[in-house]
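K.L.:
Numbering (the working numbering), first residue to last: 2 to 392.
The beta-carbon is built from N, C-alpha and C at its ideal position, and this holds for glycine as well.
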Ligand code: REX
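1. Once the 5 residues before and after residue 246 are set aside, which same chain residues still bring their CB inside 6 angstroms of it?
2. Would residue 125 and residue 144 be called neighbours here (beta carbons separated by less than 7 angstroms)?
3. Please confirm if the region 379-386 is in contact with the region 290-297, defined as three or more CB-CB distances below 8 angstroms between the two stretches.
4. Does DSSP put residue 197 in a helix, a strand or coil?
5. Since residue 243 is in the beta strand (DSSP E), which residue starts that stretch and which ends it?
6. Mind checking which residues open and close the beta strand (DSSP E) that includes residue 378?
7. Would you say the beta carbon of residue 307 is closer than 6 angstroms to some non-hydrogen atom of ligand 1?
8. Beta-carbon within less than 7 angstroms of residue 306's beta-carbon, same chain only, minus the 5 sequence neighbours each way: which residues are those?
9. Locate the beta strand (DSSP E) running through residue 353, then write down its first and last residues.
10. Here's a check: name, in chain order, each residue in its chain whose Cβ is nearer than 8 angstroms to the Cβ of residue 122, leaving out the five neighbours to either side.
11. Can you determine whether any heavy atom of ligand 1 sits closer than 6 angstroms to the C-beta of residue 353, and answer yes or no?
12. Check whether the Cβ atoms of residue 107 and residue 324 sit closer than 7 angstroms, and answer yes or no.
13. So that I know if they touch, is there some Cβ in chain B lying closer than 7 angstroms to that of residue 206?
14. Residues with a Cβ closer than 6 angstroms to any heavy atom of ligand 1, in chain order?
15. Among 274, 310, 330, 358, which one has its Cα closest to the Cα of residue 342?
16. Report the option in 58, 43, 48, 62 whose CA atom is closest to the CA atom of residue 261.
17. Per DSSP, residue 328 forms a beta bridge with which residues?
18. Would you grab the beta carbon distance between residue 182 and residue 206 for me? Rounded to a whole angstrom, and I think it's under 8 angstroms.
19. Out of 109, 83, 352, which one is the CA nearest neighbour of residue 394?
20. The beta strand (DSSP E) with residue 78 in it runs from where to where?
21. Is DSSP giving residue 388 helix, strand or coil here?
22. What did DSSP end up calling residue 99 once you bin it into helix, strand or coil?
23. Using the Cα positions of residue 72 and residue 213, report the straight-line distance between them to the nearest angstrom.
24. Counting only the same chain and skipping the five closest in sequence on each side, list residues whose C-beta sits under 7 angstroms from that of residue 311.
25. Note down, in chain order, each residue of its chain lying with its Cβ closer than 7 angstroms to the Cβ of residue 242, except the 5 sequence neighbours on either side.
26. Taking 8 angstroms as the cut-off, does the region 64-71 touch the region 364-378 (at least 3 CB pairs, one atom from each stretch)?
27. Does DSSP put residue 260 in a helix, in a strand, or in coil?
28. So the alpha helix (DSSP H) residue 212 belongs to, where does it begin and stop?
29. Alpha carbon to alpha carbon, how far is residue 233 from residue 189?
30. Compare the Cα-Cα distances from residue 304 to each of 86, 111, 374 and report the closest residue.
31. If you reduce the DSSP assignment to three classes, tell me which class residue 313 lands in.
32. Pull up the distance between the alpha-carbon of residue 93 and that of residue 146, whole angstroms please.
33. Give a yes or no on whether the C-beta atoms belonging to residue 150 and residue 209 are separated by under 7 angstroms.
34. Would you mind working out which of 60, 80, 58 sits nearest residue 47, comparing C-alpha positions?
35. For residue 266, which residues in the same chain have their Cβ closer than 7 angstroms to its Cβ, ignoring the five residues on either side in sequence?
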């Protein structure tokens, strides 16, 4: 089934499109009256038909289900297609929880930047100042970790060289952070500290260690106290090493490397291979609220947010700050957020610079480039408006 919530009450077309505009959410922490008083950003209106086409296309390309939600100045637009559960055939819902993968990295960066705001962490200090002898090079700084410029090898490249057997080997494993760092340090580093961008989960495993060392609390406690509770993110959890997703959720299905092999239900797993680099569970509503709050300046001082938003180019259309990606869309608008992939789930969560329009798009499969490409189209639908008709 496809549903899209695009406007008050009207029903579009014959494909079960249900339409609804929802009021501003208190979860963003901003009083609705103040939000309403601000001028609207000069953005084209979201392309709701395009958003519907995107979730259908993701399903057409092999995802059991896909969902997307836009929060725009207090209005909500939603689209879904396909199923949350291949056994029961329950239709996927935008209220379903899912595993967000590397979107977790922004949460981890926020905690560390708050600690910097509190003068408990110096971003330019060597990691080894806080975690003596952990890394083989005293020049690697905290800032380099958060910007993927440390040169630390990404151990997941080896773990998941074969996607299904790699996943099954770790599905129920519980790793310590030190074991994961140990896997990375067996391999040569990808570059000298600070010399180049090289995406690596290892960086955000070390970020988790830093959070726990500096606060003497688990990352779970810090995420909860600093982000989940203040923003009232009621669908957002860090349950490591528990293997289940609380409440109502979409099941996740890993696409095997061999074309034609059946999807693997990968819903239950410890996600211990990722932890502070990728183990958060959330919902579209909560991720939209999170990026709106972050970019709107409600989680960090303006000086720390500016540091998070100091970007270095990754390729022609993306750049990386500190736990934050920028994507430059073809219409000339740049959006800020993160992508995430864990077995069974692919996520895009991005917002405008002022945080006042945000998008989360999810498919409940992974390791399928065609699905991921289709889902990326949700960014254009959400932020670039309707495509001009071809003449
Ligand atoms: C692990 C393998 C992918 C997934 C990974 N995930 O590093 C982190 C993340 C947490 O979300 N990174 C993405 C598996 C890239 C991001 O930042 O957007 N792939 C799958 C394989 C490939 O096993 N052999 O697709 O499920």
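P.N.:
Taking the geometry as given:
1. 98, 282
2. yes
3. no
4. coil
5. Note, residue 243: premise wrong, no beta strand (DSSP E); not H, not E.
6. Residue 378 -> not in any beta strand (DSSP E); alpha helix (DSSP H) instead, spanning 370-384.
7. no
8. 298
9. Residue 353 -> no beta strand (DSSP E), and no H or E assigned at all.
10. 113, 116, 131, 143, 211, 215
11. no
12. yes
13. No chain B is present in this structure, which holds just one protein chain.
14. 102, 103, 157, 161, 164, 167, 202, 255, 275, 278, 279, 340, 341, 342, 343, 344, 367, 368
15. 274
16. 62
17. 319, 336
18. 6 angstroms
19. An answer regarding residue 394 cannot be provided, because it is not within the stretch 2 to 392 covered by the chain.
20. 76-83
21. coil
22. strand
23. 33 angstroms
24. 322
25. 175, 271, 273
26. yes
27. coil
28. 202-216
29. 42 angstroms
30. 111
31. strand
32. 36 angstroms
33. no
34. 80
35. 252, 254
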